[in-house]
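All remarks here apply to the structure that follows.
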Ligand SMILES: [Zn+2]
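Numbering (my numbering), first residue to last: 358 to 493.
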């Protein structure tokens, strides 16, 4: 962990703050609609399923499957120097929400759709933790 993290990092806003606070505590938080039970990501002020504003934050199981992915073979940001190729995936969590992240811990050629994965937390800086996914 270092405060001079070389990659671009997200800047938490008011809507996403509970997500980032959860990540810092190594818990994957999602919004859930109290009316229709829909879960979604990224955070918003209304349910993306039914439009209700009756929403809450809940802890995800952190388990899911690779819905889709790409492998980056070219260096687009110097922070990734030494890490290419790397996998960027849309992970569909058990709760139904889809999240963009990295699949780590396996050679990129083994990343495939429907691969079972679970969240792991990378403490990027003293203030920011990034959820990533590894094979189960
Ligand atoms: Zn809803």
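All residues carry an ideal CB built from backbone N, CA and C; glycine is no exception. Predicted model only: the values in this text are computed from it and were never measured.
Excluding the 5 residues flanking residue i on each side, which residues of the same chain have their C-beta closer than 8 Å to its C-beta?
{"i": "residue 431", "result": "441"}
{"i": "residue 516", "result": "Lying before the first or after the last residue shown, residue 516 is absent from the chain, which here runs from 358 to 493."}
Could you give the residue range of the beta strand (DSSP E) that holds residue i?
{"i": "residue 387", "result": "386–390"}
{"i": "residue 473", "result": "473–480"}
As a quick exercise: from the options, pick the residue whose alpha carbon is nearest that of residue i.
{"i": "residue 468", "options": "480, 445, 451, 453", "result": "445"}
{"i": "residue 412", "options": "384, 398, 420, 484", "result": "398"}
{"i": "residue 424", "options": "447, 457, 484, 390", "result": "447"}
So for residue i, helix, strand or coil by DSSP?
{"i": "residue 487", "result": "strand"}
{"i": "residue 465", "result": "helix"}
{"i": "residue 419", "result": "coil"}
Can you give me the Cβ contacts of residue i inside the same chain, cut-off strictly under 7 Å, excluding the 5 residues immediately before and after it?
{"i": "residue 408", "result": "none"}
{"i": "residue 438", "result": "432"}
Kindly identify the DSSP beta-bridge partner or partners of residue i.
{"i": "residue 430", "result": "BP columns for residue 430 are empty, so no partner."}
{"i": "residue 459", "result": "445"}
Note the first and the last residue of the continuous alpha helix (DSSP H) segment covering residue i.
{"i": "residue 378", "result": "374–381"}
What residues in its chain sit with their C-beta under 6 Å from that of residue i, if we drop five residues either side in the sequence?
{"i": "residue 417", "result": "385, 387, 450, 452"}
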